[in-house]
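Participant:
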């Protein structure tokens with residue numbers, strides 16, 4: 027048996043400035059490689075609010091969340107290092123628990139935790155929350171002016187979490203409003219070398 031071990035590379039993901047809808051449709055939407063579009067959503071009200079810091083971001087989001095459904099929040103203790111995953115060597119269960127929380131409660135707790143020393147801080151993570159259900163005013167206040175084929179906007183809100191390697195079956199356009207996100211991308215020809223449980 028031979029296992030392919032590609033050499034690490036310093037290859038960087040292509041970066042471009044923001045593009046208009048026609049350029050996106052013609053040059054980007056159908057490509058089979060990732061790209062970073064710097065400043066693509068700089069015009070969003072949420073991005074402007076985030077420039078004022080965490081409290082301004084929380085106030086802005088809370089204003090949009092009135093009337094939204096509670097979000098599912100993943101909660102991990104301080105010792106797990108922000109890595110949401112299976113528990114133990116037998117992979118029985120998870121190393122976190124889930125609770126439902128209204129957006130305002132989640133944001134208040136995230137702000138409170140920002141003052142807690144990192145070694146004592148719990149990690150909270152609401153992932154893939156559909157904007158129409160949880161933040162009813164999101165789409166109107168933060169319009170995506172790119173052709174995404176009717177995709178539903180989803181929100182990831184948390185503090186210091188890491189998501190395990192996984193496969194997304196859909197095309198993604200990840201827009202970072204506040205904080206930062208880091209992606210590790212694997213070439214499609216390496217899927218046979220990954221355990222995607």
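Numbering (the working numbering), first residue to last: 27 to 223. All C-beta atoms, glycine included, are put in the ideal place defined by N, C-alpha and C.
In the DSSP assignment, find the beta strand (DSSP E) that holds residue 151 and state where it starts and stops.
Facilitator: Its beta strand (DSSP E) spans residues 149-156.
Participant: Would you tell me roughly how many angstroms separate the C-alpha atoms of residue 118 and residue 112, rounded to the nearest one?
Facilitator: About 7 Å.
Participant: With C-beta atoms as the reference, is residue 139 less than 8 Å away from residue 168?
Facilitator: In this structure, residue 168 does not lie closer than 8 Å to residue 139 by Cβ.
Participant: CA-CA distance, residue 44 and residue 55?
Facilitator: Taking the straight line from one Cα to the other gives about 14 Å.
Participant: Quick one: what's residue 180 bridged to in DSSP?
Facilitator: Bridge partners of residue 180: 156.
Participant: Verify whether the separation of the beta carbon atoms of residue 108 and residue 102 is less than 8 Å.
Facilitator: Yes, these two residues count as a Cβ contact at 8 Å.
Participant: Sort out for me which residues DSSP pairs residue 189 with in a bridge.
Facilitator: DSSP output for residue 189 lists 110 as bridge partner(s).
Participant: May I have the straight-line CA-CA distance separating residue 173 from residue 146, to the nearest angstrom?
Facilitator: Going by the C-alpha atoms only, they are around 43 Å apart.
Participant: Which word fits residue 218, buried or exposed, when buried means at least 16 other C-beta atoms lie within 10 angstroms of its C-beta?
Facilitator: Residue 218 should be labelled exposed.
Participant: If you count every other CB in all the chains shown that lies within 10 Å of the CB of residue 196, and 16 or more means buried, which is it?
Facilitator: It counts as exposed.
Participant: For residue 78, count the other beta carbons within 10 Å of its own beta carbon; 16 or more makes it buried, fewer makes it exposed. Which is it?
Facilitator: Flag for residue 78 reads exposed.
Participant: Thinking just about the alpha-carbon of each residue, which of 156, 166, 204, 154 is nearest to the one in residue 85?
Facilitator: Residue 204 is the option with its Cα nearest to residue 85.
Participant: So what does residue 123 bridge to, in DSSP terms?
Facilitator: In DSSP, residue 123 forms a bridge with 101.
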